[in-house]
Amino acid sequence: MLIERYKEALGKSNHGGQSLYEHTMWSVEAGLRAAHLAGIGSDPRLDVMLAGLAVHDVGKLDPDFQAMLRASRDGLDLPTKRVKHEASTFDYDHCALVEDSLPALRDEVRALTGYTISLDNLTGRMDDVWACAVTHHGLFYLSFEDWGNGAQPLIRRSWVSFYPNEVRRITLIDLLVEYHPIGGLVMLGDLMASYAFEQERDLAWAFEGVATLPQAFDKLLSQADGLEQSVAAYDPRSYALRETLKLLATGC
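Numbering (our numbering), first residue to last: 353 to 604.
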């Protein structure tokens, strides 16, 4: 099951490493806290965003990405093969693993946060859940393309490119608009959880003195350079995190 796989895998490589399970659940809790700052309580839109947070890093289960994290944690040279975990979202058995594990994820989130994700609210919205995972660093988007066997989801990077077989797409901007003001909740929850871990503190500390959503962004912007440097330990590409956060804050 997915939860067991999360517990066995790495989610972060510094400070001795953090399990993918702990990072994921911190992210879910951070997303819930941020939603409350935005005045959102029980809401079908929040269910989609929290489900997105619960699966946003499923691509990190990619064995090649785990090898990158282990090398970074152990102070070794990074492997020659590099992968981008968002681009691995649909690889291996990830889709079936998530679909089969939704009830267990709901129960785990409820046990840890007290919030119950309604699986009924995910019916017909799983494309958005997957889009949350694909777009959560602002680099990729979800494209649906028909190559003769019906529209299939593919992960694309360049938002300004159009593919002849594309029938629709879901980008970060689409999520920001449709789920306003919480369309960026997956990115925000992920970053708040990462911020707390990078500072070797618990999640409650990251939200101390934060009473509004803008204050949460102010905290992250003050730490944007450090957060990007920590990611560079295992993924040397630039995330342009400061600029992405400004975009996200404006969208929210």
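Backbone N, C-alpha and C fix where the C-beta goes; we use that ideal spot for every residue, glycine too. Source: prediction; values computed, not measured.
Problem - DSSP beta-bridge partners of Y493 - result: The residue you call residue 493 lines up with position 141 of the sequence shown. R508, per the DSSP bridge assignment.
Practice task
Return the first residue and the last residue of the alpha helix (DSSP H) that R385 is part of.
Solution key: Within the sequence shown, residue 385 is the residue found at index 33, counting from 1. In the DSSP assignment, R385 falls within the unbroken alpha helix (DSSP H) covering 372-389.
Handout entry: Distance between D459 and L428 (C-alpha atoms, nearest Å)
Key = Taking the sequence shown and counting its residues from 1, the one referred to as residue 428 is at position 76. Taking the sequence shown and counting its residues from 1, the one referred to as residue 459 is at position 107. Near 38 Å, if we compare the C-alpha coordinates of D459 and L428.
Handout entry: Length at least 4, wholly inside the region 431-491: the alpha helix (DSSP H) runs in chain order
Key = Taking only runs of at least 4 residues, the alpha helix (DSSP H) segments lying wholly in the region 431-491 are 446-465, 478-487.
Practice task
Determine the burial state of Q581: buried for a count of at least 16 other Cβ atoms within 10 Å of its Cβ, exposed for fewer.
Solution key: Counting from one through the sequence shown, the residue named residue 581 turns up at place 229. So Q581 ends up on the exposed side.
Problem - Contacts around M377, its chain only, beta-carbon distance under 6 Å, and the 5 residues preceding and following it disregarded - result: Start at 1 with the first residue of the sequence shown, and residue 377 comes out as number 25. For M377, same chain residues with a beta-carbon under 6 Å away, outside a window of 5 residues either side, are L464 in chain order.
Handout entry: E552 - DSSP class collapsed to helix/strand/coil
Key = As a working mapping, residue 552 is identified with position 200 in the sequence shown. Three-state result, E552: coil.
Practice task
Might you give, ordered along the chain, the residues of its own chain that have their beta carbon closer than 6 Å to the beta carbon of A419, omitting 5 neighbours on each side?
Solution key: Within the sequence shown, the letter at position 67 stands for residue 419. Same-chain partners within the cutoff: P431.
Problem - Counterpart residues of D498 in DSSP-defined beta bridges - result: Taking the first residue of the sequence shown as position 1, residue 498 is located at position 146. DSSP output for D498 lists A503 as bridge partner(s).
Problem - Top-ranked residue by Cα proximity to E362, from R434, A390, D416 - result: Residue mapping note: residue 362 aligns to position 10 of the sequence shown, counting from 1. One point to set straight first is that residue 362 is Leu, not Glu, in the sequence displayed. Considering only alpha carbons, the answer is D416.
Handout entry: Presumed contact (8 Å Cβ cut-off) between A568 and A386, rounded CB distance
Key = Position 216 of the sequence shown holds residue 568. Position 34 of the sequence shown holds residue 386. About 6 Å separates the two Cβ atoms, so the contact holds.
Problem - CA-to-CA distance, L405 to Y373, given in whole angstroms - result: Taking the first residue of the sequence shown as 1, we reach residue 373 at position 21. Taking the first residue of the sequence shown as 1, we reach residue 405 at position 53. Distance between the alpha carbons of Y373 and L405 is about 12 Å.
Problem - Integer-rounded CB distance, given that P455 should sit under 8 Å from W482 - result: As a working mapping, residue 482 is identified with position 130 in the sequence shown. As a working mapping, residue 455 is identified with position 103 in the sequence shown. At roughly 18 Å, the Cβ-Cβ gap does not stay under 8 Å, so W482 and P455 are not in contact.
Exercise for the section: Could you please give me the residues that DSSP links to L362 through a beta bridge? Expected result: Position 10 of the sequence shown, counted from the start, is the residue given in the question as residue 362. DSSP lists S371 as partners of L362.
Exercise for the section: Check whether the region 507-523 touches the region 362-371, taking contact to mean three or more Cβ pairs, one atom from each stretch, closer than 8 Å. Expected result: The region 507-523 makes no contact with the region 362-371, as fewer than three CB pairs between them are under 8 Å.
Problem - Simplified DSSP assignment, three categories, for E560 - result: Here the question's residue 560 lines up with position 208 in the sequence shown. Under the three-state reduction of DSSP output, E560 falls in the coil class, being neither helix nor strand.
Practice task
Assign I355 to one of three DSSP states: helix, strand, or coil.
Solution key: As a first step, residue 355 must be located in the sequence shown, where it is residue number 3. Helix.
Handout entry: Buried versus exposed, by CB contacts within 10 Å (16 or more), T487
Key = Within the sequence shown, the letter at position 135 stands for residue 487. It is buried - the Cβ of T487 has at least 16 other Cβ atoms within 10 Å.
Exercise for the section: Could you spell out the range, first to last residue, of the beta strand (DSSP E) harbouring I522? Expected result: Working through the sequence shown from its first residue, we reach residue 522 at position 170. Unbroken beta strand (DSSP E) run through I522: 518-522.
Practice task
Grab the span of the alpha helix (DSSP H) containing P396 for me, first residue to last.
Solution key: Counted from its first residue, the sequence shown places residue 396 at position 44. It spans 396-407 - the alpha helix (DSSP H) in which P396 sits, taken as one unbroken run.
Handout entry: Contacting residues, own chain, Cβ-Cβ under 7 Å from A423 (five flanking each side not counted)
Key = On the sequence shown, position 71 is the one that residue 423 refers to. If the five residues before and after A423 are omitted, its C-beta is found closer than 7 Å to the C-beta atoms of D429, L430, P431, all from its own chain and listed in chain order.
Practice task
For G561, I'd like the list of residues in its chain whose CB is within less than 8 Å of its CB, leaving aside the five on either flank, ordered along the chain.
Solution key: In the sequence shown, the residue the question calls residue 561 occupies position 209. The answer, listed in chain order, is Q567.
Problem - Distance between beta carbons of N517 and D498, contact taken as under 8 Å - result: By one-based count along the sequence shown, residue 498 stands at place 146. By one-based count along the sequence shown, residue 517 stands at place 165. So it is a contact: roughly 5 Å between Cβ atoms.
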